[in-house]
Amino acid sequence: MPSCAFVTFGCKINQYDTQAIREEIIDLGYSESGEAEGVDLLVVNSCTVTERAGEKVVEKIRSLTRKNPNARIIVTGCMSETDRLRLEKIPEVVHLIGNEEKHRVAEVIQGEPLLDTKPKRRSRDIFNLKISGFEGRTRAFLKIQDGCDSFCSYCIIPYMRGASRSRDHGPVLEEARRLAAAGFSEVVLTGIHLRQWGLDLGIEDGLAALLGDLRRIEGLERVRLSSIGEGAFTKAFIDAFRADLGLCRFFHVPLQSGSDKILDRMRRDYSIEKFVEAMERVRDRLPDAVLATDVIVGFPGETEADFCLTLQLLERLQFLKVHLFPYSPRPRTSAARLDGHVPPETRAKRMVRARELCQQLQQRGLESRIGDRVQVLIEKGSPRGSTMVAEGLSREGLRVLVESSSAIEIERGSEVEALLHQREGAAIRAHLQSESVRERVAP
399 MPSCAFVTFG CKINQYDTQA IREEIIDLGY SESGEAEGVD LLVVNSCTVT ERAGEKVVEK
459 IRSLTRKNPN ARIIVTGCMS ETDRLRLEKI PEVVHLIGNE EKHRVAEVIQ GEPLLDTKPK
519 RRSRDIFNLK ISGFEGRTRA FLKIQDGCDS FCSYCIIPYM RGASRSRDHG PVLEEARRLA
579 AAGFSEVVLT GIHLRQWGLD LGIEDGLAAL LGDLRRIEGL ERVRLSSIGE GAFTKAFIDA
639 FRADLGLCRF FHVPLQSGSD KILDRMRRDY SIEKFVEAME RVRDRLPDAV LATDVIVGFP
699 GETEADFCLT LQLLERLQFL KVHLFPYSPR PRTSAARLDG HVPPETRAKR MVRARELCQQ
759 LQQRGLESRI GDRVQVLIEK GSPRGSTMVA EGLSREGLRV LVESSSAIEI ERGSEVEALL
819 HQREGAAIRA HLQSESVRER VAP
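Here the sequence shown stands for residues 399 to 841, where the numbers follow our numbering.
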């Protein structure tokens with residue numbers, strides 16, 4: 399039996415796509431190995447959203463070829479499109495398969511040619527990939543959208559993933575039912591731009607209705623969003639979360655900059671005023687919600703004053719989690735041609751200052767939750783002396799360490815109630831309050 403292994407870089411969409419490709423290849427008769435050494439086939443799902451991300455992919459491929467020179471390597475994902483010439487120079491790479499052709503990886507392995515070298519950017523074939531489980535996880539990702547129409551000046555994604563396309567309503571629900579039947583009580587909706595789901599299907603404000611339909615599926619206890627734009631927070635959207643605790647109140651809302659001048663240069667479709675209004679609506683109507691965001695540091699034209707505005711806004715809005723990215727020029731993007739590029743040493747110093755603030759915000763945010771009761775989906779457990787400590791994620795996106803007596807073993811995949819009592823790094827410790835809110839074990 400031929401063997402295979404998978405390496406995934408980048409976003410949750412890539413993780414979903416890898417799982418779908420995995421299932422198709424295993425159906426061909428391959429056995430999966432947890433180690434890349436000695437396997438016949440390696441599938442690398444790549445990312446090139448930043449320059450460093452692309453370098454990591456190449457470093458990993460070269461490392462894999464040294465350890466396993468006889469393996470055939472298939473590279474798919476964004477880097478297979480942005481860096482084809484570079485990857486073609488690696489002898490072990492036998493196929494480069496772009497995002498629009500991912501659904502044909504299994505066919506290519508069987509010898510079918512890639513007929514379309516210039517993929518149709520509005521093809522819906524990308525949604526031919528589907529999953530029935532999610533390897534090694536208690537939560538399953540569910541892709542409902544791909545592509546983006548926004549063309550922010552720094553972003554390469556619209557060039558790599560094409561126009562925004564929504565997965566049809568029926569197949570989304572069908573896959574969610576399949577995942578619930580397989581034992582997954584939580585799904586994480588993923589997409590490049592979730593706010594755009596339904597627009598190309600003629601559905602206005604459709605995400606709120608889709609969330610309600612998903613929650614009516616038997617066994618699906620929790621629905622989480624991976625990332626969502628500030629424009630999604632309409633009254634209908636917020637009301638859906640107010641009415642249903644099974645809709646997880648964790649919102650990752652990209653900010654990118656606290657300066658209107660920089661947002662304009664980035665071609666973001668909101669102002670600071672609009673962004674703040676959206677976050678304040680969430681705080682007012684969903685006071686227990688956790689907010690996270692993304693920030694780009696050192697964008698072209700960013701002055702010290704612009705950077706300070708970003709720090710001030712992060713503190714004002716009290717984001718619990720902030721993903722910081724130093725600006726990285728990407729090919730084909732208009733930002734790469736802007737004037738006012740920030741010197742690398744200045745960018746690095748600003749990153750240090752931003753990290754320090756974000757660590758403080760996280761510490762304060764976690765400590766403010768002490769005394770809260772939360773429901774935690776358990777991912778793993780291990781003994782610590784006389785106690786058992788199980789780790790999981792709350793509905794609000796908190797990383798929780800649940801303590802119980804050693805006589806009580808908390809099962810992976812169960813959902814328990816816990817009382818938060820002490821911060822521990824980026825997590826928070828909690829006492830077990832009920833042995834099980836839900837006792838279904840994920841695969």
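Idealized CB from N, CA, C, for every residue including glycine.
Between which two residues does the alpha helix (DSSP H) harbouring CYS402 extend? No alpha helix (DSSP H) holds CYS402; the beta strand (DSSP E) holding it covers 401 to 406.
Using CA coordinates, which residue listed in THR448, VAL506, ARG464, GLY627 is at the minimum distance from VAL473? VAL506
To test your reading of the DSSP string, which unbroken alpha helix (DSSP H) runs of 4 or more residues are found completely within the stretch 571 to 648? The alpha helix (DSSP H) runs lying completely inside the stretch 571 to 648 and spanning 4 residues or more are 604 to 613, 633 to 641, given in chain order.
VAL549 lies in the alpha helix (DSSP H); which residues open and close that run? A small correction: the amino acid at residue 549 is Phe; Val does not occupy that position in the sequence shown. No alpha helix (DSSP H) holds PHE549; DSSP gives it neither H nor E.
Are there 16 or more other CB atoms within 10 angstroms of the CB of ALA641, so buried, or fewer, so exposed? exposed
Beta-ladder partner(s) of LEU722, from DSSP: Beta-bridge partners of LEU722 (DSSP): VAL693.
Leaving out the 5 sequence neighbours to the left and right, which residues in its chain are closer than 6 Å to ASP343 when beta-carbon positions are compared? Nothing about residue 343 can be reported from this structure: the residues present for the chain run from 399 to 841 only.
Pull up the CB-CB distance for LEU736 and ARG797, whole angstroms please, since I reckon it's below 8 Å. Not a contact, Cβ separation roughly 38 Å.
Taking 8 Å as the threshold (C-beta atoms), are GLY629 and ARG665 in contact? Taking the C-beta atoms as reference points, GLY629 is found no nearer than 8 Å to ARG665.
Suppose the cutoff is 8 Å on Cβ atoms and the five residues either side in sequence are ignored; what does the same chain contact list for ILE488 look like? Here the set comprises ILE459, ARG460, THR463, ILE471.
Tell me which same chain residues have a C-beta within less than 7 Å of the C-beta of PRO517, skipping the five on either side of it? At PRO517 the pLDDT is 43, less than 50, meaning the model places this residue with poor confidence; the figure from the coordinates comes in the next sentence. Excluding residues up to 5 positions away in sequence, GLY496, GLU498, GLU499 lie with their Cβ nearer than 7 Å to the Cβ of PRO517 in the same chain.
Whole angstroms are fine: how far does the CA of LYS778 sit from the CA of ARG360? The shown model of the chain, from 399 to 841, leaves out residue 360, and the question about it has no answer.
Span of the beta strand (DSSP E) around GLY475: 470 to 475 is the extent of the beta strand (DSSP E) around GLY475.
In this structure, how does DSSP classify LYS487 when only helix, strand and coil are distinguished? coil
From the DSSP output, read off the bridge partner residues of PRO569. Its beta-bridge partners do not exist; DSSP assigns none.
Starting from the Cα of ALA816, find the closest Cα among GLU809, SER784, ASN468, VAL774 and give me that residue. The residue among GLU809, SER784, ASN468, VAL774 with its C-alpha nearest the C-alpha of ALA816 is VAL774.
Considering only the beta carbon of each residue, do ILE776 and ILE808 sit closer than 8 Å? yes
Exposed or buried, what is ARG701 when buried is set at 16 or more other beta-carbons lying within 10 Å of its beta-carbon? It is worth fixing the name first, because residue 701 is Thr in this sequence and not Arg. THR701 is classed as exposed because its beta carbon has fewer than 16 other beta carbons within 10 Å across all chains shown.
Measuring straight from C-alpha to C-alpha, what distance separates LEU759 and PHE532? C-alpha separation (whole angstroms): 33 Å.
Between the alpha carbons of ALA638 and GLU435, how many angstroms are there, rounded? 48 Å
Under 8 Å Cβ to Cβ from GLN757, same chain only, skipping five residues before and after it: list those, please. none
VAL651, DSSP secondary structure in three states: coil
Close beta carbons around LYS541, own chain, < 7 Å, minus the five adjacent residues each side: In its chain, beyond the 5 residues on either side, ILE411, TYR414, ARG565, THR588, GLY589 have a beta carbon closer than 7 Å to the beta carbon of LYS541.
Once the 5 residues before and after GLN716 are set aside, which same chain residues still bring their CB inside 8 Å of it? If we look at GLN716 and ignore the five residues flanking it on each side, its Cβ neighbours are LEU689, LEU759, ARG762, GLY763.
Cα-Cα separation between THR744 and TYR552, rounded to whole angstroms: C-alpha separation (whole angstroms): 19 Å.
Taking Cβ positions, are GLN710 and GLY656 nearer each other than 8 Å? The answer is yes: Cβ separation under 8 Å.
In its own chain, which residues sit with a C-beta less than 6 Å from the C-beta of GLU794, not counting the 5 before and 5 after it? ARG647, PHE648, VAL688
According to DSSP, is THR785 helix, strand or coil? strand
Over the uninterrupted beta strand (DSSP E) stretch that includes ASN443, give me the two end residues. DSSP places ASN443 inside the beta strand (DSSP E), whose first and last residues are 439 to 444.
Have a look at ARG576 and GLY738 and give me their C-alpha separation to the nearest angstrom. Computed Cα separation, rounded: 51 Å.
Continuous alpha helix (DSSP H) stretch holding PHE705: start and end: 702 to 715
Quick check: does the Cβ of ARG767 come within less than 7 Å of any heavy atom belonging to the ligand FAD? The ligand FAD is not part of the structure shown, which contains no ligands of any sort.
Environment of ILE424 [buried if 16+ CB atoms lie within 10 Å]: exposed
If distances are taken between C-alpha atoms only, which option among ALA676, VAL447, ALA579, VAL720 comes closest to ALA824? Considering only ALA676, VAL447, ALA579, VAL720, the residue with the shortest C-alpha distance to ALA824 is VAL720.
Taking 8 Å as the cut-off, decide whether the C-beta atoms of LEU653 and VAL695 are in contact. For LEU653 and VAL695, no; Cβs fall outside 8 Å.
Please report the Cβ distance between ASN443 and THR480, rounded to the nearest whole angstrom; I am assuming they are in contact, meaning their Cβ atoms lie under 8 Å. Not really, about 14 Å apart at Cβ, beyond 8 Å.
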